[in-house]
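What follows is a single structure, written as structure tokens, with notes after it.
Numbering (the numbering used here), first residue to last: 119 to 391.
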């Protein structure tokens, strides 16, 4: 787990004294805002009324929904942490970023553009750049529950980390626009491209943990994110849902939908699976 530097701890102590929270609570919120790329936070701490969500611009949801004094304090804390992180050169990701909770306690993060950099507040995370370094810098990264991915469109490569293993795939002529990990028995990793919704297990595996894998039919070389080596193809309903999400993303990118509207509709569509 990433740690705070002495400078980071000094800032946490100062915020704790001024806002009346413990250093443990403020540290929790510091990482929640960092994980939300400075513009949002999903948190769960008893001093903040349990689980809640903050978004820059005034949106705040707390478990203790009618405690307006607590809302003001938590909102002020989140905004000040956001301002502090924004003043750290190169710390926050460039490009678009999304973060959302899922039913069952799952978590999903997606980012496009530059990677999160280093700062004087946080000890460098050794797991931040987990993909083979010869792949270069990804155009987009993301995570869902225990699966992480990084996409390298210029060299047609996709890196996926699951179960402690790092797999590299040849994306061929796919232009990948999104990822999803289906839940429950028979779960699989799927992605969306210009050809629709596709199972990750259909892509050729290039390497596993840095070891080259000779071209062969997809079977045991698929990552262990699913209990069966050859997951069933998505149903028509699932394909329609992910196609709809992709179209919503296009509308958001063109300015027809706000991030809040996009995330709300996306959660509604995912709830149909």
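From the three backbone atoms N, C-alpha and C, an ideal C-beta is built for every residue, glycine too.
- prompt: So which of 286, 366, 297, 364 has the shortest CA-CA distance to residue 331?
  reply: 286
field: Residues bridged to residue 186 (per DSSP)
entry: Looking at the DSSP assignment, residue 186 forms no beta bridge with any residue, so it has no partner.
- request: Leaving out five residues on either side along the sequence, give the residues of the same chain with a beta carbon under 6 Å from the beta carbon of residue 268.
  value: 249, 256, 259, 277
query: Do the segment 157-167 and the segment 183-196 touch if we need at least three Cβ pairs shorter than 8 Å?
result: yes
Contacts around residue 202, its chain only, beta-carbon distance under 7 Å, and the 5 residues preceding and following it disregarded: 129
field: Backbone CA spacing between residue 157 and residue 173 [nearest angstrom]
entry: 6 Å
- prompt: Thinking C-alpha only, which one of 261, 187, 240, 178 is nearest residue 207?
  reply: 240
field: Unbroken beta strand (DSSP E) run spanning residue 279, endpoints
entry: 275-280
query: What is the rounded straight-line gap between the Cα of residue 293 and the Cα of residue 261?
result: 19 Å
field: Buried versus exposed, by CB contacts within 10 Å (16 or more), residue 313
entry: exposed
query: Closest to residue 289 by CA distance: which of 252, 324, 360, 280 is it?
result: 324
Beta-carbon proximity list for residue 180, same chain, < 7 Å, skipping 5 on both sides: 166, 167, 170, 188, 189, 192
- prompt: Under 8 Å between the Cβ atoms of residue 320 and residue 361?
  reply: no
query: What span of residues does the beta strand (DSSP E) with residue 309 cover, start to end?
result: 307-311
query: Mind checking residue 282: buried by the 16 CB within 10 Å criterion, or exposed?
result: exposed
message: For a test of the three-state rule: what should DSSP assign to residue 206, helix, strand or coil?
response: coil
- prompt: Can you pull the DSSP bridge partners for residue 162?
  reply: 169
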